[in-house]
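Our numbering puts the first residue of the sequence shown at -2, with every later residue one more than the last.
In this text, a Cβ means the ideal position worked out from N, Cα and C, and glycines have one as well.
In this text the structure is predicted, and so the values were computed from the model without any measurement.
Notes for the one structure printed next.
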Amino acid sequence: MSKERASEDDVFDTEILIDSAARIKDRRRSAEDDFYNSKLRADSPMEPLTREDEMVKKGPPDFRTKEIDLVDRDPKHINDDVVKVEFEDVIAEPEGAYSFDGVWKTSFTTFTVTKYWCYRLLSGLCGIPLALIWGFYFACLTFCHIWAVVPCVKSYLIEIQCASRIYALCVHTFCDPLFEAMGKAFATVKVALRKEV
């Protein structure tokens, strides 16, 4: 009973944190909108300045000052079908093979709380080092793509253009007349199928 109540308290605390973070974000957005709307456009003093207009004037946002969303941590839904494993997806009792209700409830609570806190512990211990490793890896990958792969592909396309022209000339010169002649020769061939009983 105390474990179930502790689990409910943790879920309740998490919901309160998510709700308060969403309210703070909404307040910050409305304050930013008020700030942007208080400015006036230079060309028309009657129209308020929108956030998009301000972005166009300032240029693209700097990635170092980008605000991170603490509520929706998977906005592109890249992990929707991979890691959403619930108790019902792993453990299920068919009809006629039920355990005691208390055992089933305790198993559910144990599974859920263990998964939740184990993930938090592992992400706390390994999250920052792995973020460093993945950041380094994708930086190297981006560097190789920009400075090696794209120039090689462009160089290959320029060099192969000459070979493709020679190949096209050979095909038009030698293969086209041959296949046209074969087509005209086989155009007169007629095939008839008969079914004998």
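Integer-rounded CB distance, given that residue j should sit under 8 Å from residue i
i	j	result
Phe84	Thr109	6 Å
Pro72	Asp78	Between Asp78 and Pro72 the Cβ distance is about 16 Å, and since that is not below 8 Å, they are no contact.
Proximity test, Cβ basis, 7 Å: residue i and chain D
i	result
Cys141	Chain labels in this structure do not include chain D; a single protein chain is all it has.
Euclidean distance between Cα positions of residue i and residue j
i	j	result
Val201	Thr106	Outside the shown range of the chain (-2 to 194) lies residue 201, about which nothing can therefore be said.
Glu90	Ser96	8 Å
Ala184	Glu177	10 Å
Phe195	Val150	With the chain represented from -2 up to 194, any question about residue 195 goes unanswered, as that position is not in the structure.
Thr236	Ile130	Missing from the structure shown is residue 236; the chain here goes from -2 to 194 and no further.
Cys70	Asn76	Residue identity check: residue 70 is Arg in the sequence provided, not Cys. One C-alpha to the other measures close to 10 Å.
Val87	Leu122	26 Å
Cys141	Leu127	21 Å
Cys172	Ile157	21 Å
Tyr113	His74	19 Å
Trp144	Leu175	46 Å
Ser254	Cys159	In the structure displayed, the chain extends from -2 to 194; residue 254 sits before or after that span and is not available.
Leu119	Val80	15 Å
Worksheet item: Fully enclosed by the region 127 to 181, which alpha helix (DSSP H) runs are 4 residues long or longer?
Response: 147 to 167
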